[in-house]
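Visitor: Take 234 as the starting number for the sequence shown in the working numbering and just add one per residue.
The C-beta atom is built at its ideal place from N, Cα and C for all residues, glycine as well.
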Amino acid sequence: MSTTPTGFITVPKGLAKVVVTDTELGDVRGDEGFFHYRQYSAVELAEQVGFEQAWHLLERGHLPDDAELAAFTAEVGRLRVLPPGLADLLPAICATTTDSLQVLRTTLSAWGGIAGLRPLYDCDEDEKAAAALAAVAVTPTILAAAHRLHHGLEPVPADPTLGHAEDYLRMVTGRLPSARDARAVEQYLVATMDHGFNASTFTARVIASTGADLAACLVGAIGSFSGPKHGGAPSRALEALDEIGTLDRADGWVRDRIGSGDRIMGFGHAVYRTRDPRSEMLKQIARGWDDPLVDLAVGVEDAIERALAELKPGRELHANVEFYAGVVMKLAGLDPSMFTPTFCVARVVGWTSNVLEQSRDPKIIRPAARYVGPPPPQPVPTGTRAPQPA
């Protein structure tokens, strides 16, 4: 990082390791292989608490006691039910695209209008918090309904008496999940709620800094999240396992990919220089199933890491959260088309928490860019004047 003659600060591409603000929500310590939500290890939370408890922690600042948890669970259960106007819009929106994240973007934008969301700039803390809670609650219902409509099935209405993760699986599959399946997905959701200033979270905060409404912040975050280099990797990692097929093909497969300059989806991370703690947790969850896919995934992980260590020496390239996320979600009954949307069900908690925090900062986020084109000013060519009015 250096200072230019004009006083601007030049930073690394991608803002790598650049601190842009303060946060009380948590951080990712890539050299340690550790991340937390408000001081609590996120992996330990995923192992020990439910989705609603972790959600309460991020958005309200503390782990709830029993009475707070009961009230919070009942409140978000009611909010999971689609408002009538929104439910009526979904079939028409789903008819325009088969991409569930595109449906979510459009539907949340419409929801903002139906709910009468005001700019964050004009809202008090209670109004902002209420909007955030409703947005997180309705997201899984929208995504589950979109999935079913895309497959010619009727949406399954939300059941406010069920937990968030359990009801999400039920709304997607049309059947009540087993306790094992529901808990596996819940642990995945808790472990992926937030993860520092990733691209989508930063996008949400940039929009929030303008004072725009909450729906605008989320629509922007989802747009960023939809990119294959961000939220779109879990299904691609599972596709790699399908391509490999058997363990004896893994070494040749990864060597072919690296030789072709292709990225190995599910391996490496922008922040971690150790093993991704989320991946390690999901590997253990996956081992709860006696399924050949788990054995293949574990064996392929070892084979790919050995090949990467040989072909890319000096680089720490380990399985990241996406590698085992696809395995766990498939075994829990989710279609690969729902892997990234399920990731979104979790991450919307982090987005809204970050939006609420950013909205308290009066400063708009406005960086600069270094101009590298031809030296100005260039003369405007003659004969290019705008037509004069008659």
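#1: Could you check which residue in Q286, L278, A378, V371 has the C-alpha nearest to that of I326?
#2: Would you say the segment 477-485 touches the segment 532-547, given that touching needs at least three Cβ pairs under 8 Å?
#3: Where do the ends of the alpha helix (DSSP H) carrying H289 lie?
#4: State the DSSP-derived secondary structure class of Y557, mapped to helix, strand or coil.
#5: What first and last residue would you give for the alpha helix (DSSP H) that runs through Y421?
#6: Could you tell me if V252 is buried or exposed, where buried requires 16 or more neighbouring beta carbons within 10 angstroms of its beta carbon?
#7: Would DSSP call T180 helix, strand or coil?
#8: Beta-carbon separation of S433 and H384 under 9 Å?
#9: Taking 8 Å as the cut-off, is the beta-carbon of A328 closer than that to any non-hydrogen atom of the ligand PLP?
#10: Thinking I518 and A398 are a contact (beta carbons under 8 Å), I'd like their distance in whole angstroms, please.
#11: Taking the beta strand (DSSP E) that Y270 falls in, what are its first and last residues?
#12: Who pairs with V274 in a beta bridge, going by DSSP?
#13: What is the C-beta distance between L278 and C577, in whole angstroms, given that I count them as a contact (C-beta under 8 Å)?
#14: Given Q591, which residues of its chain have a CB within under 7 Å of its CB, disregarding the five upstream and five downstream residues?
#15: Specify the secondary structure class of A391 as computed by DSSP and reduced to three states.
#16: Does R381 come out as helix, strand or coil in the three-state DSSP assignment?
#17: Are three or more beta carbon pairs between the segment 556-576 and the segment 408-428 nearer than 8 Å?
#18: Short of 8 Å in beta carbon distance, which residues of its chain neighbour V423, apart from the five on each side in sequence? Order them along the chain.
#19: Taking 9 Å as the cut-off, decide whether the C-beta atoms of V452 and T374 are in contact.
#20: Taking Cβ to Cβ, would you say D446 is nearer than 9 Å to A364?
#21: Please check the pair V582 and E292, which I expect to be a contact at CB under 8 Å, by giving their CB distance rounded to whole angstroms.
Guide: Let's see:
#1: A378
#2: yes
#3: 284-293
#4: helix
#5: 412-424
#6: exposed
#7: This structure cannot settle anything about residue 180, because the visible part of the chain is limited to 234 through 623.
#8: no
#9: Judged by which ligands are present, the structure shown has none, so any question about the ligand PLP falls away.
#10: About 13 Å; that fails the 8 Å criterion.
#11: 267-270
#12: Position check: residue 274 holds Ser in this sequence, whereas Val was assumed. The partner list for S274 (beta bridge, DSSP) reads H269.
#13: L278 to C577, Cβ: 19 Å. No contact.
#14: R438, A441, S442
#15: coil
#16: helix
#17: yes
#18: A275, L278, A279, V282, G283, F284, A287, A579
#19: no
#20: yes
#21: 7 Å
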